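Participant:
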Amino acid sequence: MKRVLCILTALAALAQPSRAQEAAPEGTILEPSSKVPFPVQLTVPGHSEQHTFTGAGVRTKTFLKVKVYAFGLYVDAGAARATLGNFANLTARDLEENEEFFGRLLEMSFPMTLRLVMTRDVGGEDMADAFEGALRPRVQQAAAERDMPGGEEALEQFRTYFNVEEMTKESELVFTCSGGTLMSSVRGEVKPELDSPALCWALFDVYLGKKRISGDGKKKVVHGFPQLLGGGESTD
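Take any residue in the sequence shown, count from 1 to its spot, add 1273: that is its number in the numbering used here.
#1: Since I believe Leu1501 is in contact with Thr1327 (beta carbons under 8 Å), could you give me their beta-carbon distance rounded to a whole number of angstroms?
#2: Distance, Cα to Cα, Val1313 vs Thr1449?
#3: Name the DSSP bridge partner or partners of Ile1302?
#4: Contact check, Val1339 vs Ala1407 under 8 Å by CB: the rounded distance?
#5: On the CB-based measure, 16 or more other CB atoms within 10 Å of its CB, does Val1463 come out buried or exposed?
#6: If you reduce the DSSP assignment to three classes, tell me which class Leu1363 lands in.
#7: Run the CB neighbour count on Asp1349, radius 10 Å, all protein chains shown included, and call it buried at 16 or more, exposed below.
#8: Going by C-alpha distance, which of Asp1394, Ala1353, Glu1299 is nearest Thr1386?
#9: Sort Gly1319, Ile1302, Glu1405, Glu1426 by Cα distance to Thr1325 and report the nearest one.
#10: Distance check for Thr1335 and Ser1451, CA to CA, integer angstroms please.
#11: Considering just the uninterrupted stretch of the beta strand (DSSP E) at Glu1445, what are its terminal residues?
#12: Do the stretch 1388 to 1395 and the stretch 1430 to 1448 touch if we need at least three Cβ pairs shorter than 8 Å?
#13: Assuming Pro1318 and Val1494 are in contact, meaning their beta carbons sit under 8 Å apart, how far apart are those beta carbons, in whole angstroms?
#14: For Thr1333, does the count of other Cβ atoms within 10 angstroms reach 16, so buried, or fall short, so exposed?
#15: Restricting to Cα atoms, I'd like to know which of Arg1366, Glu1429, Ala1401, Phe1344 is closest to Arg1485.
#16: Across which residues does DSSP place His1324 in a beta bridge pair?
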């Protein structure tokens, strides 16, 4: 609990450098651009395990930078500390530019969660198309370069999770990957689990990879790791 409070304090300072977090519900951190609150602890869809928040960013679209959704990264805190101990003494600013660190995250060797919150209304079919456009080349890459077959079949099933007329503002999507299994919750509805290491890797590569969809977001989602890993400073 003490470590969680330290993470909460450090991330609050990063998220709101010029004012207090009076607008954020207790136990949450506001993503500063969208004002979307992210709970410091999040329950894995369909399970009882909780993951710990490490940071959040915003997905924008078009040259007008229209905000589509805010997204946050969560990890299994104990497993992350056991895996990432070599990075415990680095600051958030160090980690932002450390591709070795992001590479370790994308090894998918410990459970991680993405939480997305819509900041505008978007058609369900449009969301499905957007995810497919980002994920299909990646699952193909996973099959060709990472010996992870079957991703395209899993992607077809994943696409059906967006079979709604509209993803309305404030709709929540939660995706957890653990041991190659994808656990999903869309607008509060837990979806069937998908056993697909390829789709798991592809989904997190969208946000953490070298060709991520949000450059600033990739940096911001790691701001909580210094406190999580060793109680160090979040900035240098």
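Note that CB positions come from ideal geometry on N, CA and C, so glycine has one too. Just so we're clear, the structure is a prediction, and the values are computed from it rather than from any experiment.
Facilitator: Straight from the coordinates:
#1: Within the sequence shown, residue 1327 is the residue found at index 54, counting from 1. Within the sequence shown, residue 1501 is the residue found at index 228, counting from 1. About 6 Å separates the CB atoms of Thr1327 and Leu1501; that is less than 8 Å, so the two are in contact.
#2: One-based indexing of the sequence shown puts residue 1313 at position 40. One-based indexing of the sequence shown puts residue 1449 at position 176. Val1313 and Thr1449 have their C-alpha atoms roughly 16 Å apart.
#3: Here residue 1302 refers to the residue found at position 29 when the sequence shown is read from its first residue. Per DSSP, Phe1311.
#4: In the sequence shown, residue 1339 corresponds to position 66, counting from 1. In the sequence shown, residue 1407 corresponds to position 134, counting from 1. Wrong, their Cβ atoms sit about 17 Å apart, outside the cutoff.
#5: Counting from 1 along the sequence shown, the entry for residue 1463 is found at position 190. Exposed: under 16 other Cβ atoms inside 10 Å.
#6: Counted from its first residue, the sequence shown places residue 1363 at position 90. DSSP places Leu1363 outside both helix and strand once states are collapsed to three, so it counts as coil.
#7: Position 76 of the sequence shown, counted from the first residue, corresponds to residue 1349. With 16 or more Cβ atoms within 10 Å of its Cβ, Asp1349 is classed as buried.
#8: For the purposes of this step, residue 1386 is identified with residue 113 of the sequence shown, where counting begins at 1. Taking only the C-alpha atoms, the option nearest Thr1386 is Ala1353.
#9: For the purposes of this step, residue 1325 is taken as residue 52 along the sequence shown, with counting starting at 1. It is Ile1302 whose Cα lies nearest to the Cα of Thr1325.
#10: Residue numbering aside, residue 1451 sits at position 178 when the sequence shown is read from its first letter. Residue numbering aside, residue 1335 sits at position 62 when the sequence shown is read from its first letter. Their backbone Cα atoms lie some 33 Å apart in a straight line.
#11: The residue given as residue 1445 occupies position 172 in the sequence shown. Where Glu1445 is concerned, the enclosing beta strand (DSSP E) stretches over 1445 to 1451.
#12: Enough Cβ pairs lie closer than 8 Å, so yes.
#13: Locating residue 1318 in the sequence shown gives position 45, counting from the first residue. Locating residue 1494 in the sequence shown gives position 221, counting from the first residue. That pair is no contact at about 19 Å.
#14: Position 60 of the sequence shown, counted from the start, is the residue given in the question as residue 1333. Its Cβ being crowded by 16 or more others within 10 Å, Thr1333 is buried.
#15: By 1-based counting over the sequence shown, the position of residue 1485 is 212. When C-alpha distances from Arg1485 are compared across Arg1366, Glu1429, Ala1401, Phe1344, the shortest belongs to Phe1344.
#16: The residue given as residue 1324 occupies position 51 in the sequence shown. Beta-bridge partners of His1324 (DSSP): Leu1315.
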